[in-house]
Amino acid sequence: MNPLLDIENLWVRFPTRQGTFDAVRGISFSLGRERLGIVGESGSGKSMTGRAILRLIRPPGIVEADHIKLGGVDLLEKSEKEMRDVRGERISMVMQDPKFSLNPVMTIGDQIIEAYRLHNKASKSTAWTKALEMLEAVSIRNPERVMRAYPHEMSGGMGQRIMIAMMLIPNPEILIADEPTSALDVSVQRQVLDIMDKLVKERGMGLIFISHDLNLVADFCDRVLIMYAGRIVEVCDADKLHDAQHPYTRGLLNSLPRLDTPRDRLDVLTRDPSWSDAPSVSGRA
Amino acid sequence: MAEQTLREWLLTDTPTSRRHAKVSAFYQGWLSFRANTMAMIGLGILLALVLIAAAAPFLAPHDPFAQDLGNRLAPLGAEGHIFGTDSLGRDILSRLIYGARITLYIVALVALIAPVVGLLMGTVSGYVGGWVDIVLMRITDIFLAFPRLVLALAFVAALGAGIENAVIAISLTAWPPYARIARAETLTIRSSDYISAIQLQGAGGLRIITKHIWPLCISSLIVRVTLDMAGIILAAAGLGFLGLGAQPPSPEWGAMISEGRRFILDHWWVATMPGLAIFTVSLAFNLLGDGLRDVLDPKAGE
Amino acid sequence: MVRRPKRERSGMKMLEIDGLDVWFGRDRDRVDAVKQATFDVASGESFGLVGESGSGKSTILRAITGLAPTWSGNIKVGGQRIERKRARAFYKQVQMVFQDPYASLHPRHSVDAVLGETLHLHGFRDIDARVVRLLDDVGLGQKFRFRYPHQLSGGQRQRVAIARALAPEPELLLLDEPTSALDVSVQAEILNLLADLRQEHGLTYLMVSHDLSVVGHMCDRLAVMKDGEIVEIMDVADLRAMKATHPYSQHLLQASV
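Those protein sequences? They're chains A, B and C, same order as listed. According to this note's numbering, the first sequence is numbered sequentially starting from 1. According to this note's numbering, the second sequence is numbered sequentially starting from 286. According to this note's numbering, the third sequence is numbered sequentially starting from 588.
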């Protein structure tokens, strides 16, 4: 099957006073109709990868790649204006904290309606009913009340569901979720993941799920890329993540405290410099 | 260590002493300031102004007070008078050079008084809160409610004309905005974890305000003061223009414009030259302020 | 309860909290963040407070330290009742480590200044020697002494924050989600450090966390909080055996495994 997205040799560079800093160093991967997890610690370049796909790296940062192909078309060759049609329309992104992504002075209903009418020619009343449907689709119980509410009246879990609802309005082919549940409580986390899972399955979307939480990714995704220092060090099926081979992945897994196996001391990750020198593993399915 | 260049020593991420850390932090700031060309131009103009003021007796071709009624209102480029002469035949260039001293004097005094008063009022009001906050902020509001020049006029009228009184009047009208800024910053700083942490060491209010809140407020105040400096110079010039600031024959730039006003149609340079001087210095302060904001704003460091 | 001599440590209660209410705002806007919390922590024990955001677990710590001024009930530290205005001696006994190491260090103060000022406030004379020792204690070493927070990683910052809390040589350390802002590998280092320090200095911990596995690793007993109330107090052994009695605790356990 043809992949939805194919990325070859992606670099993200930032010039600094001390020389160029490479946040992402030549990674290649593809995304089909699947849930692809990208895990790594802070500074591993996982968020930069997500942003680079949408060309959302702010200057002076530079994105370079042999190609970033969306359905066979290279995104790097598109003009900024054409990119604007790709963002949201074909690839959507959900960020960590919904508080910063919603407009604080507009009601949630108005924001969803605006987003809907931006992508579809529709009257206000059809947009309203559509918006209600969207909110119901993300399991919001009292959608009419939520439509009239302002973002600050929402809890974190609600806010994130609303964000997901808005991102799904234009029916994108790919959803990039950057730590969508790390600001949420465990019990809410599960609900939000279930909603995402349902939507991705029903609509046949590709999902890139960026997270620092190995257990979560192992549980939720189909395939996992493990990133370290801007490179992919290991690729594996999510259900086999706990049998991962690379010492970095093993180190991360072992450093987690576990309820079922108590220990006096946790294993500390000793970083081997050769990990960051080793060539990037291809993340193609 | 021996192989290290001075630049590496300054740019290190691992300072080895208190002094090293300070010098290094200062150098990093200087580097980002230097990258801003416009700010460097502003700094250059102001340094030149300081040098000119310091070396006025050597630079000025004539005595700024020497009158020569036979050669009054000489045009630009007249022999021995590049910028011409004024209504009493005094050399305008020399008067501008000596006037730089007065401008610097005003600027320095206002910069010493207004932000300090504002910082004190704002941080105390913001940190202590409660009725102290209410009282101090209402006083600030009263001062803010008057137009600056009108209030300054009233003060000068009460205190008498003169540069010092003009400075005091300007300072008294200039501090309320600083108090507002300082208070707003204090309110956000006060609720931060590092203030909670020092409170848990049993630190008192005075220590927290002076050692923990001031260092964070001062940078934004410095930026604001440099940006306001143009307005302060203009206010001083305005008072001089109205005859309430520097008194004749003092070569204060505003007073010079005021004198030249009578001849503005036939002898435009008499008022224009000091006007250009005020414009240049005001612009220099604005450029400097913009550059400083890039360096000092703690949020930009993220 | 039998009163024991004050100096004796074993079996003595380090912290006793009885009927603690904490609220914010007044009259109609009043929000009750903690309702009738009652628990105690033995000397040398490590006690966990678990719950979701808004359950009031951090508020309890802030009430103990006086950062949340509106509370009622009884708080005893080392058998002494806490008055509304805390004496300096209190801060020599109780210290706190904050959640976000990026927010808990003054951006313009070097590590040296942070530790030096803390030691000065507690009336120590040999400040230089103590700064050196504190940095060694938290595994940072001397090369970090003159750095500013922006020159440190998250884990290093949290070590500085721990050194600051240790400076007055406290007996009770309040830990407010000390690792939730850190990467898992750094979390392991910090948790190991905290465990070592507890042993070396004979500290008592009161640790707040939303992560049951972290509390399970660090603590002896824990209290589960929901909407400002403590719904269950249990041993960590019961937690590991999944033997929670209250439905909410069971629900939390299910979600974390």
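In this text, a Cβ means the ideal position worked out from N, Cα and C, and glycines have one as well. No experiment lies behind these values; they were computed from the predicted model shown.
Name, please, each residue of chain C whose Cβ falls closer than 7 Å to the Cβ of residue i.
{"i": "residue 300 (chain B)", "result": "733, 734"}
{"i": "residue 41 (chain A)", "result": "770, 772"}
{"i": "residue 477 (chain B)", "result": "690"}
{"i": "residue 488 (chain B)", "result": "708"}
What number of angstroms, rounded off, separates the C-alpha of residue i from the C-alpha of residue j?
{"i": "residue 491 (chain B)", "j": "residue 397 (chain B)", "result": "21 Å"}
{"i": "residue 594 (chain C)", "j": "residue 786 (chain C)", "result": "For residue 594 (chain C), the pLDDT reaches just 39, beneath the cut-off of 50, and the residue's location in the model is therefore unreliable, leaving the point undetermined."}
{"i": "residue 679 (chain C)", "j": "residue 487 (chain B)", "result": "9 Å"}
{"i": "residue 762 (chain C)", "j": "residue 25 (chain A)", "result": "38 Å"}
{"i": "residue 792 (chain C)", "j": "residue 833 (chain C)", "result": "24 Å"}
{"i": "residue 352 (chain B)", "j": "residue 376 (chain B)", "result": "8 Å"}
{"i": "residue 420 (chain B)", "j": "residue 407 (chain B)", "result": "12 Å"}
{"i": "residue 808 (chain C)", "j": "residue 220 (chain A)", "result": "31 Å"}
{"i": "residue 512 (chain B)", "j": "residue 565 (chain B)", "result": "14 Å"}
{"i": "residue 395 (chain B)", "j": "residue 459 (chain B)", "result": "8 Å"}
{"i": "residue 12 (chain A)", "j": "residue 79 (chain A)", "result": "19 Å"}
{"i": "residue 315 (chain B)", "j": "residue 696 (chain C)", "result": "19 Å"}
{"i": "residue 573 (chain B)", "j": "residue 323 (chain B)", "result": "8 Å"}
{"i": "residue 282 (chain A)", "j": "residue 29 (chain A)", "result": "6 Å"}
{"i": "residue 130 (chain A)", "j": "residue 228 (chain A)", "result": "42 Å"}
{"i": "residue 287 (chain A)", "j": "residue 649 (chain C)", "result": "Lying outside 1 to 285, the shown extent of chain A, residue 287 (chain A) is not represented and no answer is given."}
{"i": "residue 705 (chain C)", "j": "residue 449 (chain B)", "result": "44 Å"}
Out of the options, point me to the one whose CA is closest to residue i's CA.
{"i": "residue 172 (chain A)", "options": "A:11, A:87, A:117", "result": "A:87"}
{"i": "residue 692 (chain C)", "options": "C:708, C:650, C:612, C:742", "result": "C:742"}
{"i": "residue 456 (chain B)", "options": "B:403, B:554, B:412", "result": "B:403"}
{"i": "residue 755 (chain C)", "options": "C:734, C:765, C:772, C:788", "result": "C:788"}
{"i": "residue 242 (chain A)", "options": "A:229, A:264, A:217", "result": "A:217"}
{"i": "residue 310 (chain B)", "options": "C:776, C:737, C:599", "result": "C:737"}
{"i": "residue 267 (chain A)", "options": "C:806, C:780, C:820", "result": "C:780"}
{"i": "residue 3 (chain A)", "options": "A:274, A:265, A:248, A:207", "result": "A:207"}
{"i": "residue 374 (chain B)", "options": "B:386, B:571, B:361", "result": "B:361"}
Quick one, are the C-beta atoms of residue i and residue j less than 7 Å apart?
{"i": "residue 542 (chain B)", "j": "residue 562 (chain B)", "result": "no"}
{"i": "residue 675 (chain C)", "j": "residue 653 (chain C)", "result": "no"}
{"i": "residue 156 (chain A)", "j": "residue 132 (chain A)", "result": "no"}
{"i": "residue 508 (chain B)", "j": "residue 578 (chain B)", "result": "yes"}
{"i": "residue 269 (chain A)", "j": "residue 280 (chain A)", "result": "no"}
{"i": "residue 540 (chain B)", "j": "residue 531 (chain B)", "result": "yes"}
{"i": "residue 764 (chain C)", "j": "residue 837 (chain C)", "result": "no"}
{"i": "residue 162 (chain A)", "j": "residue 113 (chain A)", "result": "no"}
{"i": "residue 167 (chain A)", "j": "residue 92 (chain A)", "result": "yes"}
{"i": "residue 446 (chain B)", "j": "residue 519 (chain B)", "result": "no"}
{"i": "residue 350 (chain B)", "j": "residue 534 (chain B)", "result": "yes"}
{"i": "residue 732 (chain C)", "j": "residue 684 (chain C)", "result": "no"}
{"i": "residue 223 (chain A)", "j": "residue 237 (chain A)", "result": "yes"}
{"i": "residue 411 (chain B)", "j": "residue 472 (chain B)", "result": "yes"}
{"i": "residue 659 (chain C)", "j": "residue 614 (chain C)", "result": "no"}
{"i": "residue 338 (chain B)", "j": "residue 389 (chain B)", "result": "yes"}
{"i": "residue 651 (chain C)", "j": "residue 662 (chain C)", "result": "yes"}
{"i": "residue 425 (chain B)", "j": "residue 464 (chain B)", "result": "yes"}
{"i": "residue 769 (chain C)", "j": "residue 681 (chain C)", "result": "no"}
So which residues of chain B does residue i contact, with C-beta pairs closer than 9 Å?
{"i": "residue 683 (chain C)", "result": "481, 482, 485"}
For residue i, go through chain C and note every residue whose CB falls closer than 9 Å to its CB, in chain order.
{"i": "residue 501 (chain B)", "result": "693, 694, 695"}
{"i": "residue 540 (chain B)", "result": "In chain order: nothing, as chain C lies at least about 42 Å away."}
Is residue i near the ligand PLP, in the sense that its beta carbon is under 6 Å from a heavy atom of that ligand?
{"i": "residue 772 (chain C)", "result": "No copy of the ligand PLP occurs in the structure displayed, which carries no ligand at all."}
Mind listing the chain B neighbours of residue i? Cutoff is C-beta to C-beta under 8 Å, in chain order.
{"i": "residue 657 (chain C)", "result": "Under the 8 Å cutoff, chain B gives no residues; its nearest Cβ is about 14 Å from residue 657 (chain C)."}
{"i": "residue 616 (chain C)", "result": "Chain B residues near residue 616 (chain C): none, gap ~17 Å exceeds 8 Å."}
Using a C-beta to C-beta distance shorter than 8 Å, which residues of chain C count as neighbours of residue i?
{"i": "residue 303 (chain B)", "result": "697, 699, 733"}
{"i": "residue 265 (chain A)", "result": "779, 782"}
Chain A partners of residue i, CB-CB under 9 Å?
{"i": "residue 844 (chain C)", "result": "259, 260"}
Can you pull the chain A neighbours of residue i, defined as C-beta to C-beta under 7 Å?
{"i": "residue 833 (chain C)", "result": "Residues of chain A passing the Cβ test: none, with the nearest at roughly 14 Å."}
By the criterion of Cβ-Cβ separation under 8 Å, what are the contact partners of residue i in chain A?
{"i": "residue 800 (chain C)", "result": "256, 257, 258, 259"}
Check whether the segment 802-812 of chain C and the segment 633-648 of chain C touch, using three or more Cβ-Cβ pairs below 8 Å as the test. yes
Checklist entry - Between the segment 187-200 of chain A and the segment 823-842 of chain C, do three or more beta carbon pairs fall short of 8 Å? => result yes
Notebook entry, point to check: Using 8 Å as the Cβ pair cut-off and three pairs as the minimum, do the segment 814-834 of chain C and the segment 662-676 of chain C touch?
Noted result: no
Would you call the segment 4-24 of chain A in contact with the segment 53-73 of chain A, where contact means no fewer than 3 C-beta pairs closer than 8 Å?
yes
(message) Quick check: the segment 35-44 of chain A against the segment 201-215 of chain A, are at least 3 beta-carbon pairs closer than 8 Å?
(response) Enough Cβ pairs lie closer than 8 Å, so yes.
For the 8 Å Cβ check, are there 3 or more pairs between the segment 330-345 of chain B and the segment 377-396 of chain B? yes
| message | Can you confirm whether the segment 497-508 of chain B touches the segment 418-433 of chain B when touching is taken to mean that 3 or more C-beta pairs between the two stretches lie within less than 8 Å? | response | They do not touch, by the three-pair rule.
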